[in-house]
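Numbering (our numbering), first residue to last: 117 to 295.
What follows is a single structure, written as structure tokens, with notes after it.
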Amino acid sequence: FFPPHARCAAKTNGKTNGCPGQPSTFLPCALLAAGAMRATRLAKGAGRKVKEVHIMKDLLERAIKASATFLERRGYEILDRNWSNDGSTIDIVARDEDGVIVAVDVKARVGADKGFPVDTEASHERLESAAAQWLAAHDDEELIDVSVRFDAISMMVIDERRAFLRHHINRFGTADAVA
Numbered sequence: 117f118f119p120p121h122a123r124c125a126a127k128t129n130g131k132t133n134g135c136p137g138q139p140s141t142f143l144p145c146a147l148l149a150a151g152a153m154r155a156t157r158l159a160k161g162a163g164r165k166v167k168e169v170h171i172m173k174d175l176l177e178r179a180i181k182a183s184a185t186f187l188e189r190r191g192y193e194i195l196d197r198n199w200s201n202d203g204s205t206i207d208i209v210a211r212d213e214d215g216v217i218v219a220v221d222v223k224a225r226v227g228a229d230k231g232f233p234v235d236t237e238a239s240h241e242r243l244e245s246a247a248a249q250w251l252a253a254h255d256d257e258e259l260i261d262v263s264v265r266f267d268a269i270s271m272m273v274i275d276e277r278r279a280f281l282r283h284h285i286n287r288f289g290t291a292d293a294v295a
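Here you go:
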């Protein structure tokens, strides 16, 4: 997903799609959507449960890759991808242009009829715990006195050529990140 040529560059569509102040981004990228739609068709055969687990994992991996590219194009530095420790995971750890460390939770769903993936309180607690573990594991001098923010990126695959991406900045609150 998300090829590097200009035709597939993300475009803001100006709609909030249920997230006040957070415009969704339309991704006209055939690779993202085609992989997800092909994966959905594959899941309809025998051994469906096993295939669905593999397919959803593949969809999430592709969504994380596309999300990292999306963030890089907006000036973020990607520090880690798919970080895990003792069962805790963070999809993306990045640094924004202001030096704030951003822990990003990525979710993806196929089908416009289902809408964007839902965020839960349990995922908030999981991400906070994982971020604390990530910071403990990375005791670099530049990470001693740093602000941390929690973002979410949700993807809704529309069809074989299109997907929407919603980047919810500071998803745990409305105030700016605090040092």
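For each residue, glycine too, the CB sits at the ideal point set by N, CA and C.
- 7 Å or more divides the Cβ of Ile-260 from the Cβ of Ser-183.
- When secondary structure is reduced to three states using DSSP, Glu-193 falls in the strand class.
- Cβ-Cβ separation between Arg-225 and Pro-233: approximately 5 Å, consistent with a contact (criterion under 8 Å).
- For Thr-185, the secondary structure class from DSSP, reduced to helix, strand or coil, is helix.
- Lys-230 is classed as exposed because its beta carbon has fewer than 16 other beta carbons within 10 Å across all chains shown.
- For Asp-207, the three-state secondary structure derived from DSSP is strand.
- In the DSSP annotation of this structure, the continuous segment of the alpha helix (DSSP H) that includes His-240 starts and ends at 237-253.
- Phe-280: member of the beta strand (DSSP E) spanning 278-284, first to last residue.
- Taking C-alpha positions only, Ser-239 is separated from Asp-255 by approximately 25 Å.
- The beta-carbon distance between Arg-265 and Val-216, rounded to whole angstroms, is 5 Å. This is short enough to meet the 8 Å contact definition.
- DSSP places Asp-202 in no beta strand (DSSP E); its state is neither H nor E.
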